[in-house]
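Every letter in the sequence shown is one number past the one before it in full-length UniProt numbering, and letter 82, counting from 1, is 82.
Accompanying notes for the structure given below.
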Amino acid sequence: MNEPVLRLVGQRVRELRKKQGFSQEELGEMAGFHFSYIGGVERAEKNITLLNLQKIADALQVNVHELFYYSKYVKTGNSDKEKLLNELNEKLWPLKSSDLKKVNLLLSEFFDS
Numbered sequence: 001m002n003e004p005v006l007r008l009v010g011q012r013v014r015e016l017r018k019k020q021g022f023s024q025e026e027l028g029e030m031a032g033f034h035f036s037y038i039g040g041v042e043r044a045e046k047n048i049t050l051l052n053l054q055k056i057a058d059a060l061q062v063n064v065h066e067l068f069y070y071s072k073y074v075k076t077g078n079s080d081k082e083k084l085l086n087e088l089n090e091k092l093w094p095l096k097s098s099d100l101k102k103v104n105l106l107l108s109e110f111f112d113s
């Protein structure tokens, strides 16, 4: 299959799996799949269903929407401003709400003075 969304989600699954130190076999076991299925998802060979995507997200202990957070894999002709905003978004996204409130307060203090 050559669908960009499959490739992008697969890359994101691989990134999150490796970040947590799981092998394909370990992730497959936790999600209830054979390791070859996980490999197929990561290589964009499987047209994964939403239910299976949820199982993988649960095994990775992330919200399913985080599997679609793959902007850094998309090669576009973004302006410098868009690139910087994407970088900031990538840094802020994993923060807890309480930490985001602190960042927001800091930015308000910085720009309001």
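Backbone N, C-alpha and C fix where the C-beta goes; we use that ideal spot for every residue, glycine too.
What you are looking at is a predicted structure, and each value in this text was computed from that prediction instead of being measured.
Inset, instruction - Taking the CB atoms as reference points, tell me whether Leu53 and Val64 lie closer together than 8 Å. - result: At a Cβ-Cβ threshold of 8 Å, Leu53 and Val64 count as neighbours.
Legend entry - Separation of Gln24 from Gln61, as counted between CA atoms: 15 Å
Inset, instruction - Evaluate Leu100 with the Cβ neighbour count: other Cβ atoms within 10 Å of its Cβ, from every protein chain shown; 16 or more gives buried, anything less gives exposed. - result: exposed
Legend entry - Distance between Asp58 and Lys42 (C-alpha atoms, nearest Å): Sequence check: residue 42 is Glu here, not Lys. Cα to Cα, Glu42 sits roughly 16 Å from Asp58.
Legend entry - DSSP state of Gly21 mapped onto helix, strand, coil: coil
Legend entry - Exposure of Phe33, with buried meaning 16 or more beta-carbon neighbours within 10 Å: Using a 10 angstroms sphere on the CB of Phe33, the tally of other CB atoms reaches 16 or more, which defines it as buried.
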